[in-house]
Amino acid sequence: MEQLIEIMINIIKKSSLPFIVSTMLLTIIGSFIGKDMSTISTLCTPQGIPFASLFQLMGLSIIIGIINTIFDLSNTLKKIRLIYQIIIRVFLIITIIVIFVSLFDWFPFYDIHAWVGFFISFSLCFGISMLLSLYFTHKKDQEYEQLLEKYKERRQ
Numbered sequence: 173m174e175q176l177i178e179i180m181i182n183i184i185k186k187s188s189l190p191f192i193v194s195t196m197l198l199t200i201i202g203s204f205i206g207k208d209m210s211t212i213s214t215l216c217t218p219q220g221i222p223f224a225s226l227f228q229l230m231g232l233s234i235i236i237g238i239i240n241t242i243f244d245l246s247n248t249l250k251k252i253r254l255i256y257q258i259i260i261r262v263f264l265i266i267t268i269i270v271i272f273v274s275l276f277d278w279f280p281f282y283d284i285h286a287w288v289g290f291f292i293s294f295s296l297c298f299g300i301s302m303l304l305s306l307y308f309t310h311k312k313d314q315e316y317e318q319l320l321e322k323y324k325e326r327r328q
């Protein structure tokens, strides 16, 4: 039972960030484009962001949280090289996003400009998150190296 609760908490944690980021980006883009945003995407109306859009983004974020939790918990996936894990994870997430775009008609499905914009946005966000992950991992590695050196000094 405790493990199930821990998994649920992990899903909530891993769902929160995509939801917050997507909502913030939608708000920022909407503030620049204004009421014309409703002509570009069904996520917005001239009055603002409807509750249905927020629930759609929340559903997508929960699915992303579940995918990330599965990848972080699964022992089988730990045997796969990290680069392949990242490729599989990104492929699954893009597939889910494409399904949501199609299901909820977020933007015209056959509009090449919309897809170019999507892939540029996705790549930019993915690149930033990868750089931040690498930076924080490097910082943690440095901390552990320092602690190891201190430990070795005390042992001698």
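Numbering (our numbering), first residue to last: 173 to 328. C-beta atoms are modelled at their ideal positions from N, C-alpha and C, and glycine is treated no differently.
- Listed in chain order, the beta strand (DSSP E) elements of length 3 or more contained wholly in the segment 222–277 amount to none.
- Separation of phenylalanine 227 and tyrosine 282 (C-alpha to C-alpha, rounded to the nearest whole angstrom) is 24 Å.
- Taking the Cβ atoms as the reference, tryptophan 278 lies roughly 14 Å from threonine 195, outside the contact range of under 8 Å.
- Distance from the CA of phenylalanine 276 to the CA of threonine 211, rounded to the nearest whole angstrom, comes to 15 Å.
- Taking all protein chains in view, the Cβ of lysine 186 is crowded by 16 or more other Cβ atoms within 10 Å, so the residue is classified as buried.
- Cα atoms of isoleucine 259 and threonine 217: separation of roughly 35 Å, rounded to the nearest angstrom.
- Per DSSP, the unbroken alpha helix (DSSP H) holding serine 293 starts and ends at 284–327.
- At the C-beta level, threonine 241 and asparagine 182 come within 9 Å of one another.
- The beta-carbon distance between leucine 198 and isoleucine 235, rounded to whole angstroms, is 18 Å. This is too long to meet the 8 Å contact definition.
- Assignment of threonine 214 by DSSP, reduced to helix, strand and coil, places it in the coil class.
- Glycine 220 has Thr217 as its beta-bridge partners, per DSSP.
- Inter-residue distance for valine 273 and leucine 254 is about 28 Å (C-alpha atoms, whole angstroms).
- Counting C-beta atoms within 10 angstroms of its own C-beta, glycine 237 has 16 or more neighbours from the protein chains shown and is therefore classed as buried.
- It is roughly 27 Å from the alpha-carbon of isoleucine 201 to the alpha-carbon of leucine 306.
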